[in-house]
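Quick note: the sequence shown, position 652, residue 681 per the working numbering, numbers continuous.
Where is the CB? At the ideal position from N, CA and C, for every residue including glycine.
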Amino acid sequence: MIRWDMTPAWHPVLVVIGVLVAFGVVAWTYPRRLQHVSPSTRRLLMLLRLSVVGLLALTLLRPSLHVMEPDSQPRVFAVVMDRTRSMGVPDAAGGKTRREALVEAVAHVRRQINELADNTEVRFFDFDRDLVPLELKGDQLPAAETSGDQTAMGTVLEKVLQEARNQQVTGVILMGDGAQRAVSPFDLDPRRVARMLGDQGLPVYTIPFGASGDGNDTLDVSIDDLLVDRVVFANKAVIVRARVRMLGAAGRDVRVRLLVEDRTGKAIGQSGIMTQPPATARTTPVRRVTTDRNEDVRAVELSFVPSLPGEFKIAVECEPLDGEVRMANNRRRSLVSVRRGGIRVAYIDRIRTEVKSVQLLRASDKIQLETHIVRPGVGGIRTQFDPELFAPGNQDVYILGDVPASVLGPGHVASLAARVREGAGLLMLGGFQSFGAGGYATTPLATLAPVLMNPAEFQDDGPIETDLHLMKDIRIVPTDAGLAHFIMRIADTGEMNRTRWAALPPLEKANRLRRKNDFVDVLARDADGNDLVLASDTGTGRLIAFAGDSTFFWFLFGHREVHQRFWQQMILWLAHKEDDTDQPVWVQVEPRVFNAASEVPVRFGARDPKGKPIDDAQFDVGVLAPGDRRVSLRPRKDLDAFAARFAETAEAGDYWVEVTARRDGQAVGLPARARFLVDERDLELDDPAADPGLLDQISQLSGGARFAPEQMGVAIEQLAELQVVGGLAQANVIDLWDNWYVLGAFVVLISLEWFLRKRRGLV
30 MIRWDMTPAW
40 HPVLVVIGVL
50 VAFGVVAWTY
60 PRRLQHVSPS
70 TRRLLMLLRL
80 SVVGLLALTL
90 LRPSLHVMEP
100 DSQPRVFAVV
110 MDRTRSMGVP
120 DAAGGKTRRE
130 ALVEAVAHVR
140 RQINELADNT
150 EVRFFDFDRD
160 LVPLELKGDQ
170 LPAAETSGDQ
180 TAMGTVLEKV
190 LQEARNQQVT
200 GVILMGDGAQ
210 RAVSPFDLDP
220 RRVARMLGDQ
230 GLPVYTIPFG
240 ASGDGNDTLD
250 VSIDDLLVDR
260 VVFANKAVIV
270 RARVRMLGAA
280 GRDVRVRLLV
290 EDRTGKAIGQ
300 SGIMTQPPAT
310 ARTTPVRRVT
320 TDRNEDVRAV
330 ELSFVPSLPG
340 EFKIAVECEP
350 LDGEVRMANN
360 RRRSLVSVRR
370 GGIRVAYIDR
380 IRTEVKSVQL
390 LRASDKIQLE
400 THIVRPGVGG
410 IRTQFDPELF
420 APGNQDVYIL
430 GDVPASVLGP
440 GHVASLAARV
450 REGAGLLMLG
460 GFQSFGAGGY
470 ATTPLATLAP
480 VLMNPAEFQD
490 DGPIETDLHL
500 MKDIRIVPTD
510 AGLAHFIMRI
520 ADTGEMNRTR
530 WAALPPLEKA
540 NRLRRKNDFV
550 DVLARDADGN
560 DLVLASDTGT
570 GRLIAFAGDS
580 TFFWFLFGHR
590 EVHQRFWQQM
600 ILWLAHKEDD
610 TDQPVWVQVE
620 PRVFNAASEV
630 PVRFGARDPK
640 GKPIDDAQFD
650 VGVLAPGDRR
660 VSLRPRKDLD
670 AFAARFAETA
680 EAGDYWVEVT
690 ARRDGQAVGL
700 PARARFLVDE
710 RDLELDDPAA
720 DPGLLDQISQ
730 LSGGARFAPE
740 QMGVAIEQLA
750 ELQVVGGLAQ
760 ANVIDLWDNW
770 YVLGAFVVLI
780 SLEWFLRKRR
790 GLV
């Protein structure tokens, strides 16, 4: 297909008027100067002059030819099928299991799939916590086996999205019971990924299987989720969030309470008694939940104040109701590490994706992060900040996100500037209303910030002033000074440091920053030389200006360790704590709670006094299991640390990992210990009810649709049509004005006219 297009140099009407005027002037005035030459010469000169004007009109109108060629690459759509244990529930038609009904639905459309066009490919996948490709040839069907222990739809859809970056994927058919049953790190929200798929034009067509409840006569309450920070601090309120599911409990009063372990007099390997903490003016350890529906889910928030440091077990439980039979799912446990204190960090920002990225700082034992979200409202005026937040000595570091100065107010901005002068650190992040765009050029922070800010840069409520921002992918390139600076040191050697920065995904965009003076250290720029990371030390307070606001891409694409290290080093430097070191030997188990028969990953290592890893240390790693059973693990090197796997988790209870290290026959520090829990619950079968509502949300957010199992053929037809309608095309653009032969023709015409006029004595 061929298409014409024009992009005039100015407004099209002005260009057309200018061209017509030029032709008119030539036609009106030029013949008068040719009265003394022969008619044939007159016509030739007139033709040459009009041709020159025509070429000038061509360059003003700037026409182009678009040759559209269809993309012949094959299209792919994915059929993704749930194989977890909940799919073995026999609640499908005819007493079949959900998985058997799924296989039957695939069998009914097998011939239809085989008859699809040659440029359409169907790929089959099974999934549980991972995406498993299947090789189904001819009329071969997927197995009816249901062995998966977690339904991780978010993680699986994210992997489909990654597949789509390498293939011309048209869309996805997601088949399953729709209930997300997964624990960290596989508990990614599928709705979030569905939005990303929709943004990429990849619809998800969902096909649900199974009943959405056990029936109105079944009474059951359960704790589905328990969320609490891994590291908390003594004498500070700890928030514990849980999700309570209630079946057949309409009109019933459900009492939900928090329990905390009392480890008084207990040694390693001994569990303490679980007790309910006292209620105070700051805490609520008990709540009552009621519902008027037979099936309901409620979020519950409990709290307590730990008084002693150490590692403690906590639990949230629903007290059993009269007539409730299944009570193993009434309790959910976790572990918290209580520290005496840490670097106090106040983070102020609006709701955006980067907030979750910054909140990963809570994983550090040294950092005590408080997040203050600016609530919606005109100019953010609805947000009220406690003056104590900016009181002297209240915080060690402040992080200021995409929040204009008007939200804080002149008083709080002045207090913040005073805290920086007294020694607090300040990190200013990029955003459309950060730095000068946020109105900070007229505040006391302008004299302290390491960047120049101008009052004229202010961003009002109108369209975004894009000239204040780098609206493109930005790759961070450390400067020579940055490679040697503590903040930017994400590897032990300079060359390795440079290599690891180059391997990170680019940021989505950034602010345009200019350093204030030569006393400001520029630690990183982009490939075009724009400043990205700037730092200054006033002698008391320290400041960092970071132009980016999308470091969440780093941990999203597998660089979480680098992400954590960079953010922690910024905070440590701002708090004057860059010389602090951790205990020489460390051990980490994540997550802290596992299902029975799960494989537990253990990471550990040792550091020298400067905090650098000791690569030649010898480790003794053991796990103390319930019943005083000790199991030795075999260490192996794993990137910048060591790792081991523990699989003997058939018995529910508390497990302790102990790691000792030696170097050249001498002990390195004290042994490191960590505890994890093995839960009695079966994640898939404790609550096997299907959740077609979640599948509805996934299909709607991605631009797809929901189909019944017997309508799977319709879903395939629609995807095949999408492949034809949405097929890509390659466009070859041929500019008819910007080329050498237009210029050559212009030179030849002008020269020929001048030559003829010279021969006839007209010049």
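Using 8 Å as the threshold, is the C-beta distance between residue i and residue j below it?
| i | j | result |
| --- | --- | --- |
| R316 | A344 | no |
| P811 | G698 | For residue 811 there is no data in the structure shown, the boundaries of the chain being 30 and 792. |
| Y427 | L458 | no |
| F461 | I505 | no |
| L477 | A446 | yes |
| S332 | A266 | yes |
| D708 | A625 | yes |
| K342 | G371 | no |
Rounding to the nearest angstrom, what Cα-Cα distance links residue i and residue j in this structure?
| i | j | result |
| --- | --- | --- |
| D693 | A646 | 8 Å |
| R789 | N768 | 33 Å |
| G430 | V403 | 10 Å |
| G244 | E290 | At G244 the pLDDT is 45, less than 50, meaning the model places this residue with poor confidence; the figure from the coordinates comes in the next sentence. Their Cα atoms are separated by approximately 36 Å. |
| H592 | A134 | 44 Å |
| G732 | T309 | 48 Å |
| V42 | L90 | 11 Å |
| R793 | I573 | Here the chain covers residues 30 to 792 and nothing more, so residue 793 does not appear. |
| L791 | Y770 | 28 Å |
| V562 | A553 | 5 Å |
| D720 | F238 | 9 Å |
| G207 | Q413 | 40 Å |
| F705 | R221 | 29 Å |
| E677 | L653 | 11 Å |
| R368 | V261 | 6 Å |
| P314 | E330 | 9 Å |
| Q695 | V650 | 16 Å |
| V754 | E746 | Confidence at V754 is low in this model, with a pLDDT of 39, below 50, so its placement is unreliable and no value can be given for it. |
| R565 | R450 | In the sequence as displayed, the identity of residue 565 is Ser instead of Arg. For S565 and R450, the distance between alpha carbons rounds to 12 Å. |
| G47 | A443 | 58 Å |
| F586 | I519 | 17 Å |
| P416 | R311 | 18 Å |
| R139 | G277 | 40 Å |
| Y376 | R127 | 47 Å |
| L781 | L84 | 15 Å |
With DSSP as the reference, please indicate the residues paired to residue i in a beta bridge.
| i | result |
| --- | --- |
| R658 | A654 |
| G577 | A539 |
| R274 | S251, V326 |
| W33 | L94 |
| F548 | Answer by DSSP bridge pairing: none, since F548 is not bridged. |
| Q695 | R692 |
| N143 | None, per the DSSP bridge assignment. |
| F262 | R368 |
| A107 | R152, V201 |
Out of the options, which has the shortest C-alpha to C-alpha gap to residue i?
| i | options | result |
| --- | --- | --- |
| D178 | F156, T508, R78 | F156 |
| T569 | D560, G577, W602, V212 | W602 |
| R274 | V267, K265, R284 | R284 |
| V257 | L248, H441, A443, I268 | I268 |
| R793 | A328, L724, R259, S213 | Residue 793 is absent from the model: the chain starts at 30 and stops at 792. |
| F648 | A701, I600, P655 | A701 |
| T88 | T36, E330, A703 | T36 |
| A718 | K342, D249, P214 | D249 |
| R621 | V365, V45, L748, V81 | V365 |
| P433 | G422, A130, T472, S444 | T472 |
| K639 | D282, P92, F515, Q747 | F515 |
| G577 | E192, H498, R139 | H498 |
| A38 | R62, P92, S80, L74 | P92 |
| L231 | A193, I142, Q169 | A193 |
| V108 | S661, S463, R152 | R152 |
Count the CB pairs spanning the segment 531 to 542 and the segment 570 to 588 that are closer than 8 Å, and state whether there are at least three.
yes
May I ask you to verify whether the segment 162 to 177 touches the segment 774 to 787, counting CB pairs closer than 8 Å and requiring at least 3?
no
Decide yes or no for the touch test of the segment 624 to 642 against the segment 660 to 676: beta carbon pairs closer than 8 Å, at least 3 of them.
yes
Is the segment 197 to 213 close to the segment 222 to 231, with three or more CB pairs under 8 Å?
yes
Under 8 Å: do the segment 158 to 172 and the segment 61 to 73 share three or more Cβ pairs, one atom per stretch?
no
Taking three-plus beta-carbon pairs below 8 Å as touching, is the segment 471 to 487 in contact with the segment 498 to 514?
no
Between the segment 211 to 221 and the segment 178 to 193, do three or more beta carbon pairs fall short of 8 Å?
yes
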